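Worksheet for the structure shown next.
Residue numbers (this note's numbering): 1274 to 1676.
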């Protein structure tokens, strides 16, 4: 079980290590490059945004309290405090609709099944870290991944809520090497440098899949570090259904993709820390994380093992290697009993979602470049049609990290 070490705020676990959190030094912050940035000053909630959200909530659900009474309550709360508190039902609806509004997500058919963990009382970094660990455990369920969001304290008149500075709860370190290369994931080399500057100790020996610590800022805006216990990070070792040599590459990937740096905004209230997860699409790992040239760049390795002619792109060696890499990822997750979608099935399900939204009288904006999978795009149903353009003003929503 994960516990908080009394007096330190460190995370410990029966299968994990401990990182005693350190604040960024007074003289500089590795995230900003200078003195620690002052937390943003929250603005009062716009009553019109609250009204629009509540009208939508009442139109799609059946609350016990009449709308006019709820509006009076909310407007009075905003007038006296500058903000208001969502009911648990409003928060759940808002989080689910934010997923429904996510134009880049192909898996929105399941939006109404999102499990919402209400942790709005949590502000301290150590407590946020402990809840992130519990989020991962509950979402993983031994491989039967469940879509989950944990919502922490919102920004308010008294100041900003907590922030999780990691892009995802689980990501692998990128260790710079003397020859100018990176061991691990190059995408996170800079973030790895940042956590090392605060106090994280690189593992010895350096690995290709070293799980990064959580970097969490409290209401004071200062980052602190917390290691994830091993039992909270479910990983799948990769093998291939035909090629025994594939296992010798010693590749693996984590089971739960949990986005953690996108603020959730519901009815004018912003929740700066609201990590959420679905489950992986096979191509996310096989065709992007492990294949992109600025990530693990494994296609030349796979092609060499396959004995392909790599003298010219016209031999299509990259295409052939990519298919085998995606096959290995899909096969390995299936063999391990870990939930994973394939791009053909998920494309059909997305069109089912579009049809449901249209029958409900709602638009379903989609970013074509994200919805069409990076492998065999023209073989999937989502390729052969246009979609309503994404609406950056749609609410509720998950905002870009810079917002």
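We put the CB at the ideal spot given by N, CA and C, even for glycine. Since we're looking at a predicted model, the values are computed, not measured.
Name the residue from 1464, 1460, 1491 whose alpha carbon lies nearest to the alpha carbon of residue 1564. Residue numbering aside, residue 1564 sits at position 291 when the chain shown is read from its first letter. With distances taken between Cα atoms, residue 1564 lies closest to 1460.
Could you pull out every residue in the same chain whose Cβ sits closer than 7 Å to the Cβ of residue 1290, ignoring the five residues on either side in sequence? Position 17 of the chain shown, counted from the start, is the residue given in the question as residue 1290. The predicted position of residue 1290 is uncertain, since its pLDDT is 34 and thus under 50; a value taken from the coordinates is nonetheless stated next. Here the set comprises 1500.
Run through DSSP, which three-state label would residue 1252 get? An answer regarding residue 1252 cannot be provided, because it is not within the stretch 1274 to 1676 covered by the chain.
By how many angstroms is the C-alpha of residue 1496 removed from the C-alpha of residue 1284? Position 11 of the chain shown, counting from 1, holds the residue named residue 1284. Position 223 of the chain shown, counting from 1, holds the residue named residue 1496. Note on residue 1284: pLDDT 38, under 50, position unreliable in the model; the coordinate value appears next. So the alpha carbons of these two residues sit roughly 15 Å apart.
Extent of the continuous beta strand (DSSP E) run through residue 1544: Taking the first residue of the chain shown as 1, we reach residue 1544 at position 271. Residues 1542-1544.
First and last residue of the uninterrupted alpha helix (DSSP H) at residue 1592: Walking along the chain shown from the start, residue 1592 turns up at place 319. 1590-1609 is the extent of the alpha helix (DSSP H) around residue 1592.
By how many angstroms is the C-alpha of residue 1493 removed from the C-alpha of residue 1514? In the chain shown, the residue the question calls residue 1514 occupies position 241. In the chain shown, the residue the question calls residue 1493 occupies position 220. Answer to the nearest angstrom: the Cα atoms are 51 Å apart.
Taking 9 Å as the cut-off, decide whether the C-beta atoms of residue 1364 and residue 1549 are in contact. Position 91 of the chain shown, counting from 1, holds the residue named residue 1364. Position 276 of the chain shown, counting from 1, holds the residue named residue 1549. No.
Using only the alpha-carbon positions, how far apart do residue 1543 and residue 1569 sit? Taking the chain shown and counting its residues from 1, one reaches residue 1543 at position 270. Taking the chain shown and counting its residues from 1, one reaches residue 1569 at position 296. Going by the C-alpha atoms only, they are around 35 Å apart.
With DSSP as the reference, please indicate the residues paired to residue 1461 in a beta bridge. Against the chain shown, residue 1461 aligns to sequence position 188. In the DSSP output, where bridge partners are listed per residue, residue 1461 has none listed.
Helix, strand or coil, according to DSSP, for residue 1562 in the structure here? In the chain shown, counting from the first residue as 1, residue 1562 sits at position 289. Note: residue 1562 maps to helix in three-state DSSP.
What is the DSSP secondary structure of residue 1391, reduced to helix, strand or coil? By one-based count along the chain shown, residue 1391 stands at place 118. Strand.
Helix, strand or coil: which one does DSSP assign to residue 1498? By 1-based counting over the chain shown, the position of residue 1498 is 225. Of the three classes helix, strand and coil, the one that applies to residue 1498 here is strand, per DSSP.
Let me know if residue 1450 comes out buried or exposed under the rule of 16 or more other beta-carbons within 10 Å of its beta-carbon. Walking along the chain shown from the start, residue 1450 turns up at place 177. Label assigned to residue 1450: exposed.
Backbone secondary structure at residue 1467 - three-state DSSP: For the purposes of this step, residue 1467 is taken as residue 194 along the chain shown, with counting starting at 1. Reduced to three states, the DSSP call for residue 1467 is helix.
Whole angstroms are fine: how far does the CA of residue 1669 sit from the CA of residue 1367? The residue given as residue 1367 occupies position 94 in the chain shown. The residue given as residue 1669 occupies position 396 in the chain shown. Cα to Cα, residue 1367 sits roughly 6 Å from residue 1669.
Could you tell me the alpha carbon to alpha carbon distance between residue 1303 and residue 1347, rounded to whole angstroms? In the chain shown, residue 1303 corresponds to position 30, counting from 1. In the chain shown, residue 1347 corresponds to position 74, counting from 1. Confidence at residue 1303 is low in this model, with a pLDDT of 29, below 50, so the placement of that residue is unreliable and no value is reported for it.
Rounded to whole angstroms, what is the Cα-Cα separation between residue 1663 and residue 1624? Sequence index remark: in the chain shown, residue 1663 carries index 390 (1-based). Sequence index remark: in the chain shown, residue 1624 carries index 351 (1-based). Those two C-alpha atoms are separated by around 16 Å.
Am I right that residue 1430 and residue 1355 are in contact with their C-beta atoms under 8 Å? What's the rounded C-beta distance? Numbered from 1 along the chain shown, position 157 holds the residue referred to as residue 1430. Numbered from 1 along the chain shown, position 82 holds the residue referred to as residue 1355. Going by Cβ atoms, the distance from residue 1430 to residue 1355 rounds to 4 Å, so yes, they are a contact pair.
Buried versus exposed call for residue 1321 [16 or more other C-beta atoms within 10 Å across all chains shown]: Taking the chain shown and counting its residues from 1, the one referred to as residue 1321 is at position 48. Classification for residue 1321: exposed.
Looking at the structure shown, is residue 1352 part of a helix, part of a strand, or coil, going by DSSP? Counted from its first residue, the chain shown places residue 1352 at position 79. Reduced to three states, the DSSP call for residue 1352 is helix.
7 Å CB neighbourhood of residue 1468 in its chain, flanking five on each side removed: Translated into positions along the chain shown, residue 1468 becomes position 195. So the qualifying residues of the chain are 1485, 1486, 1488, 1498.
Would you kindly work out how many angstroms separate the C-alpha atoms of residue 1476 and residue 1545, rounded to a whole number? By one-based count along the chain shown, residue 1476 stands at place 203. By one-based count along the chain shown, residue 1545 stands at place 272. Going from the Cα of residue 1476 to the Cα of residue 1545 covers about 30 Å.
Where do the ends of the alpha helix (DSSP H) carrying residue 1370 lie? Stepping through the chain shown from its first residue, residue 1370 is reached at position 97. Here the alpha helix (DSSP H) through residue 1370 covers 1361-1373.
Taking C-beta to C-beta, are residue 1463 and residue 1447 nearer than 9 Å? Within the chain shown, the letter at position 190 stands for residue 1463. Within the chain shown, the letter at position 174 stands for residue 1447. Taking 9 Å as the Cβ cut-off, residue 1463 and residue 1447 qualify as a contacting pair.
Taking the straight line between their C-alpha atoms, what separation do you get for residue 1602 and residue 1377? The sequence position of residue 1602 within the chain shown is 329, counting from 1. The sequence position of residue 1377 within the chain shown is 104, counting from 1. Whole-angstrom Cα-Cα distance: 22 Å.
Determine which residues share a DSSP beta bridge with residue 1526 and list them. Walking along the chain shown from the start, residue 1526 turns up at place 253. For residue 1526, which the question treats as bridged, DSSP gives the partners 1509.
Taking only three categories from DSSP, how would you classify residue 1578? Against the chain shown, residue 1578 aligns to sequence position 305. Helix, per DSSP.
Can you give me the start and stop residues for the alpha helix (DSSP H) that residue 1406 sits inside? Position 133 of the chain shown, counted from the start, is the residue given in the question as residue 1406. 1398-1413 is the span of the alpha helix (DSSP H), which, as asked, contains residue 1406.
If we ignore side chains and look at the alpha-carbon of each, how far apart do residue 1298 and residue 1421 end up? Counting from 1 along the chain shown, the entry for residue 1298 is found at position 25. Counting from 1 along the chain shown, the entry for residue 1421 is found at position 148. For residue 1298, the predicted model reports a pLDDT of 38, less than 50, meaning its position is unreliable; a value from the coordinates is still stated below. Between residue 1298 and residue 1421, the C-alpha separation is close to 34 Å.
Outcome for residue 1436 when other beta-carbon atoms lying within 10 angstroms are tallied against a minimum of 16: One-based indexing of the chain shown puts residue 1436 at position 163. When all chains shown are included, residue 1436 counts as buried.
Going by DSSP, what residue range makes up the beta strand (DSSP E) through residue 1645? For the purposes of this step, residue 1645 is taken as residue 372 along the chain shown, with counting starting at 1. No beta strand (DSSP E) contains residue 1645, which DSSP labels as neither H nor E.
Could you give the first and the last residue of the continuous alpha helix (DSSP H) run that contains residue 1438? Taking the first residue of the chain shown as 1, we reach residue 1438 at position 165. Residue 1438 -> no alpha helix (DSSP H), and no H or E assigned at all.
Measuring alpha carbon to alpha carbon, tell me which of 1369, 1349, 1577, 1672 ends up nearest residue 1334. Here residue 1334 corresponds to residue number 61 of the chain shown, with the count starting at 1. Out of 1369, 1349, 1577, 1672, 1369 has the C-alpha closest to the C-alpha of residue 1334.
Beta-bridge pairing of residue 1683 - partner residues as DSSP gives them: Any property of residue 1683 remains undetermined from this structure, which presents the chain solely from 1274 to 1676.
By the DSSP assignment, the alpha helix (DSSP H) with residue 1624 in it spans what residues? For the purposes of this step, residue 1624 is identified with residue 351 of the chain shown, where counting begins at 1. Per DSSP, residue 1624 belongs to the alpha helix (DSSP H) from 1616-1632.
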